[in-house]
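Q: Okay, here's the structure, questions in a sec.
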Amino acid sequence: MKSKDPAVNRLIKVAADQGIETVWDRYEQQKPQCGFGELGVCCRNCVQGPCRVSPFADGPRRGICGADAHTIVARNLVRAIAAGTAAHSGHAKHLAHALHAALHGKAPAYGVRDEEKLKALAAKMGINTDLPVSELAEELVRLALGQFGEREGPMPWATAVMTESRVEKLAGLGVLPSGIENTISEMLHRTHLGVDADHVNLLLGGISCAVADMAGSHIATDLADIMFGTPKPVVTEANFGVMKEGSVNIALHGHNPVISEVLVQVAGEMEQDAREVGAEGINLVGVCCTGNEVLMRHAIPPLTHSISQELPMLTGALDAMVVDYQCVYPALASVAECSGTPLVTTMDMAKISGAVHIDVDLEQAREKAREIISLALEAFKKRQGRPTTIPDIKSKVVAGFSVEAVLGALAAVDSADPLKPLVDNIASGNIQGVVLVAGCNNVKVPQDENFLTVAKELAARDVLLLATGCGAGAYARHGLLTPEAVGQYAGSGLKAVLTAIGEAAGLGGPLPLILHLGSCVDNSRAVDLAVAVANRLGVDVDKLPVAATAPEFKTEKAIAIGTYAITLGLPVHLGLVPPVLGSAEVTSLLTSGIKDILGGYFIVEPDPHKGARLVFEALQERRRGLGLPSREW
Ligand code: NFS
Ligand code: SF4
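Just so we're aligned: the sequence shown equals residues 45 to 677 in my numbering.
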């Protein structure tokens, strides 16, 4: 089985019938995958290599330069963290540049849309909030851009978002980053041939880089909220059934809302143009995290996620796939060629050969967006009279749970102390703990299977679930982001709490079973929530019955996020084995030794039932530590 999503399976069959290759075919072609690579013991960091260290006694124990398995595994891991950090923080910097340009009259499509968030954030960062909005935004952007290079003293976007005791702990370990890009650069330096050859020291460097990743992700969330609005609950539908044969269907894919926000604006203005080509209108749909961004702010329906991204074109009804960057499979270009759907790349730093490239620069973003949508209108005209295959499968979705929205709902129960209902219910055991389910789909796992299993197991045991990224996308497509799913899957305690809050907040029923927090940079929202609860209780995050799981992760970004989550003190379950087993020391440090240092640690368990159980047991250990009643699995 390739996917748990019936719509995806139907389109995989269409691909097979048409002889179009997809990610699942290419995975088969790669088998057997290299065992050295899987263990993390392959090194290509210099041209004397590639070297690989053997896990067997009779094979080579060191690379040509003498690096042992521990050094090689640690170097590879740290490089992955650095790459993930570069991706999240590049995304953040792009937003900062857009806001900066807008403030200087050079990006007319952009500006400050959420003054309240701007003021709240400025206050948190120690900026005088009496300034007029434009000056306040200017100050904030300057501070944000100042997080990237080398700076004196720690970064406020790291220290202001953690508990004080966590800041002290990380300072004591010497792992507070001195600037995002400075830290990324240092990790590339340290992993070059002949620099850092102490795996513990390398991992500490990786932890520092992961803190930089958290800061970069946080900047991305914060600036997106300021420029495009802080999400509030929205209701829509997900999965292929949201495509409309008679409309111009445009998929927005990638990560950065800088481009998709303008496409949303301009598409709204081009409805008449669409009707002129015989369409009922323009139907925007989302893929991956750009899809999450526009879902959260504009209720744009999420179509599909991660490994199934090639399939929308096979419906014969997609009129453009517009991509920005990250997690965009190069394979899209070949499918575009077969299907005739224009694939449009929009950023000079992320082109795909075979795609149409229209650089959506800040100065002319609206004009470029018009050009892109016009291409889609042309494609719509051309496809008239051709058959389409749109799987008629869709689910209701309730999304848009920023921290502000969560606190807003809680405030309906207790306006003086919004966190109290949450904290009280955790203490009483109605809620056993809170688990963030994050990360990607991975072709090695039947799509969504681990997500579904983990959520059902934990919800039935009264665990409050939060989701981001393609994980949230999976839940959207399977109907778990709904109040209806509460009746079906929640344990009695969780059900009572979700119902009480939902009714107090005027929703006329429970909150959804799982709260959709946003894209992967929006894991920063989960950090804020955990830190708020920790501060409210006067303990650090590593004491809370809070954990994370990435049951189908794949990217370097996901590795960076997992590492910052353990750095904040969370147990983090991984549903695939990361490439570290080639070093017993690195493996044992990450899964147990580090617990004594940070409180957080990795739990690696590919079986999702067992993984859920281990996460639940980690929550129970924390409950006992706080003197709260605990439960058996
Ligand atoms: Ni996160 Fe989102 Fe999806 Fe994974 Fe990729 S789209 S940023 S990295 S694959 S969840
Ligand atoms: Fe081999 Fe060392 Fe070069 Fe890596 S850095 S490829 S282990 S010689």
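C-beta: ideal position from N, C-alpha, C; glycine also.
To the nearest angstrom, report how far apart Gly190 and Pro673 are at their CA atoms.
A: When rounded, the distance between both Cα atoms is 46 Å.
Q: Mind checking Pro104: buried by the 16 CB within 10 Å criterion, or exposed?
A: Exposed: under 16 other Cβ atoms inside 10 Å.
Q: Using the three-state DSSP reduction, which class does Gln408 fall into: helix, strand or coil?
A: Here Gln408 sits in coil by DSSP.
Q: Contact between the segment 447-460 and the segment 543-555: three or more CB pairs below 8 Å?
A: In short, these stretches touch, since the Cβ pair count reaches three.
Q: Does the beta carbon of Asn89 fall short of 7 Å from some heavy atom of the ligand SF4?
A: Yes.
Q: Grouping DSSP H, G and I as helix and E and B as strand, with all else coil, what is Ile116?
A: Here Ile116 sits in helix by DSSP.
Q: Could you please give the first and the last residue of the uninterrupted beta strand (DSSP E) stretch that includes Ala592?
A: Start and end: 590-594.
Q: Quick one: give me the first and last residue of the alpha helix (DSSP H) that Phe192 is part of.
A: From DSSP, Phe192 is part of no alpha helix (DSSP H); its letter is neither H nor E.
Q: Any heavy atom of the ligand SF4 within a distance shorter than 7 Å of the CB on Pro104?
A: Flag unset: Cβ of Pro104 not near the ligand SF4.
Q: Using the Cβ count rule (16 or more neighbours within 10 Å means buried), how would you classify Cys78?
A: Counting Cβ neighbours within 10 Å, Cys78 comes out exposed, since fewer than 16 surround it.
Q: Are the beta-carbon atoms belonging to Pro615 and Ala594 less than 8 Å from one another?
A: Not a contact, by the Cβ cut-off of 8 Å.
Q: Does the Cβ of Glu596 have 16 or more other Cβ atoms within 10 Å, making it buried, or fewer, making it exposed?
A: Under this definition Glu596 is a buried residue.
Q: Closer than 7 Å: is that where the CB of Leu237 sits relative to any heavy atom of the ligand SF4?
A: Leu237: yes, Cβ under 7 Å from the ligand SF4.
Q: State the DSSP-derived secondary structure class of Met393, mapped to helix, strand or coil.
A: The answer is coil: DSSP assigns Met393 none of H, G, I, E or B.
Q: Please classify Leu561: does DSSP put it in a helix, a strand, or coil?
A: Strand at Leu561.
Q: Is it true that the CB of Ser627 sits closer than 8 Å to the CB of Ala113?
A: Taking 8 Å as the Cβ cut-off, Ala113 and Ser627 qualify as a contacting pair.
Q: Give, in chain order, every unbroken run of the beta strand (DSSP E) that is at least 3 residues long and sits entirely within the segment 123-168.
A: For the segment 123-168, not a single whole beta strand (DSSP E) run of length 3 or above is found.
Q: With DSSP run on the structure shown, which of helix, strand or coil describes Ala343?
A: Looking at Ala343 - three-state DSSP - the assignment turns out to be coil, as it is neither helix nor strand.
Q: Please determine whether the Cβ atom of Ala118 lies at a distance below 7 Å from any heavy atom of the ligand SF4.
A: Outside the cutoff, so no.
Q: Using a 10 Å radius around the Cβ and a threshold of 16 neighbouring Cβ atoms, would you call Gly619 buried or exposed?
A: By the 10 Å Cβ count, Gly619 comes out buried.
Q: Quick check: is any heavy atom of the ligand NFS less than 7 Å from the C-beta of Gly483?
A: For the ligand NFS, at least one heavy atom lies less than 7 Å from the Cβ of Gly483.
Q: What would DSSP say about Tyr373, mapped onto helix, strand or coil?
A: Coil, per DSSP.
Q: So is Val239 buried or exposed if we call it buried at 16+ other beta carbons inside 10 Å?
A: So Val239 ends up on the exposed side.
Q: Assign Phe272 to one of three DSSP states: helix, strand, or coil.
A: Three-state result, Phe272: helix.
Q: Compare the C-alpha of Ile641 against each of Val67, Gln73, Leu663, Glu212 and name the closest.
A: Per the Cα distances, Glu212.
Q: Can you find at least 3 beta carbon pairs, one from the segment 196-215 and one from the segment 576-586, that sit closer than 8 Å?
A: Yes: the two stretches touch, three or more of their Cβ pairs being nearer than 8 Å.
Q: Name the one or two DSSP bridge partners that Ala282 has.
A: Answer is Ser439, bridged to Ala282.
Q: Going by the CB atoms, is the gap between Arg234 and Leu220 shorter than 8 Å?
A: Going by C-beta atoms, Leu220 is not nearer than 8 Å to Arg234.
Q: At a cut of 8 Å, does the segment 558-577 reach the segment 333-347 through at least three beta carbon pairs?
A: The segment 558-577 is in contact with the segment 333-347.
Q: Let me know the secondary structure DSSP gives Leu353 once reduced to three states.
A: According to the sequence provided, residue 353 is Gln. The question's Leu does not apply to it. Three-state DSSP puts Gln353 in coil, outside helix and strand.
Q: Spatial neighbours of Leu612 within its chain, please: CB distance less than 6 Å, with the 5 preceding and 5 following residues excluded, ordered by chain position.
A: These residues qualify, in order along the chain: Val585.
Q: Here's a check: name, in chain order, each residue in its chain whose Cβ is nearer than 7 Å to the Cβ of Asp695, leaving out the five neighbours to either side.
A: A question about residue 695 goes unanswered here, because the residues of the chain that appear run from 45 up to 677.
Q: Just verifying my parser: in three-state terms, what is the DSSP assignment at Met199?
A: Reduced to three states, the DSSP call for Met199 is coil.
Q: Using 7 Å as the cut-off, classify the Cβ of Ala111 as near or not near the heavy atoms of the ligand SF4, replying yes or no.
A: Under cutoff, so the answer is yes.
Q: Heavy atom of the ligand NFS less than 7 Å from the Cβ of Ala549, yes or no?
A: Every heavy atom of the ligand NFS is 7 Å or more from the Cβ of Ala549, so no.
Q: What number of angstroms, rounded off, separates the C-alpha of Asp461 from the C-alpha of Val577?
A: Rounded to whole angstroms, Asp461 to Val577 spans 11 Å at the Cα level.
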